[in-house]
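Undergrad: In the numbering used here, the protein residues as written are 17 to 162.
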Amino acid sequence: MSKVLIVFGSTTGNTETAAGYISDVLVKHGADVTLKNAADVEAEGLARGWDLVLLGSSTWGDEDVELQDDFVPIYENLDKAGLRGVKAAVFGCGDSSYPHFCGAVDAIEERAQEQGAELVAGSLKIDGDPERGEIAAWAETVAAHV
Ligand SMILES: Cc1cc2nc3c(=O)[nH]c(=O)nc-3n(C[C@H](O)[C@H](O)[C@H](O)COP(=O)(O)O)c2cc1C
Numbered sequence: 017m018s019k020v021l022i023v024f025g026s027t028t029g030n031t032e033t034a035a036g037y038i039s040d041v042l043v044k045h046g047a048d049v050t051l052k053n054a055a056d057v058e059a060e061g062l063a064r065g066w067d068l069v070l071l072g073s074s075t076w077g078d079e080d081v082e083l084q085d086d087f088v089p090i091y092e093n094l095d096k097a098g099l100r101g102v103k104a105a106v107f108g109c110g111d112s113s114y115p116h117f118c119g120a121v122d123a124i125e126e127r128a129q130e131q132g133a134e135l136v137a138g139s140l141k142i143d144g145d146p147e148r149g150e151i152a153a154w155a156e157t158v159a160a161h162v
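1) Name the DSSP beta bridge partners of K52, please?
2) Going straight from the alpha carbon of E134 to that of L99, what length do you get?
3) Measuring alpha carbon to alpha carbon, tell me which of G61, V57, L68 and T28 ends up nearest S39.
4) Is it the case that the CB of Y114 approaches a heavy atom of ligand 3 more closely than 7 Å?
5) For D122, which of helix, strand or coil comes out of DSSP?
6) Is the region 19-27 touching the region 127-145, taking contact as three or more C-beta pairs under 8 Å?
7) I need the boundaries of the beta strand (DSSP E) containing S73, first residue and last residue.
8) When burial is assigned at 16 or more other CB atoms within 10 Å of the CB, is N93 buried or exposed?
9) Does the separation of the CB atoms of W13 and A137 fall below 8 Å?
10) Name the two residues that bound the continuous beta strand (DSSP E) containing A104.
11) Leaving out five residues before and five after A123 in sequence, what residues of the same chain have Cβ atoms less than 8 Å from its Cβ?
12) Helix, strand or coil: which one does DSSP assign to L140?
13) Quick one: Cα of H45 to Cα of I151, how far?
The structure is reproduced here in structure tokens:
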């Protein structure tokens, strides 16, 4: 059974809801899924021991891209996470009326790639309230790799 870690940073609960929808699909495919709030996670060694790591953060700020508060220390120490060669994908909620729609998702994806993560799917950028159908469709593409 594949071991999947989903780490989410979520201020108003949207990215947390999305993480739950993703988990539902992966569990349906037989994965052993652990959901963790970014507030409770240390970046150091985060990716070790997992077959797949999904990183989720909403985007804040306006002119500048800001990651969700709890995700900032993980992002800043992602080089210590042990991502090299680990399957990964990135998701998050945002609002397309802002200049940098889901900028946090792009920033995390870029850094994860720099750290040698094996991205198994393009990122999922959720505009507005998370909808199960859209999120489940993305999770199905990820599930092909667990
Ligand atoms: C002050 C403020 C700034 C925001 N900045 C951005 C932004 O730059 N880009 C974006 O895509 N969404 C932005 N958003 C939208 C949030 O990312 C969106 O509400 C998201 O669903 C919050 O997810 P969460 O509940 O998981 O934290 C902003 C929202 C607020 C209130």
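In this text, a Cβ means the ideal position worked out from N, Cα and C, and glycines have one as well.
TA: In terms of the structure at hand:
1) V23
2) 8 Å
3) L68
4) Absence of ligand 3 is noted for the structure shown, with ligand 1 being the only ligands found.
5) helix
6) no
7) L68 to S73
8) exposed
9) Because the chain in this structure spans residues 17 to 162, residue 13 falls outside the shown range and cannot be described.
10) K103 to G110
11) V81, L83 and Y91
12) strand
13) 15 Å
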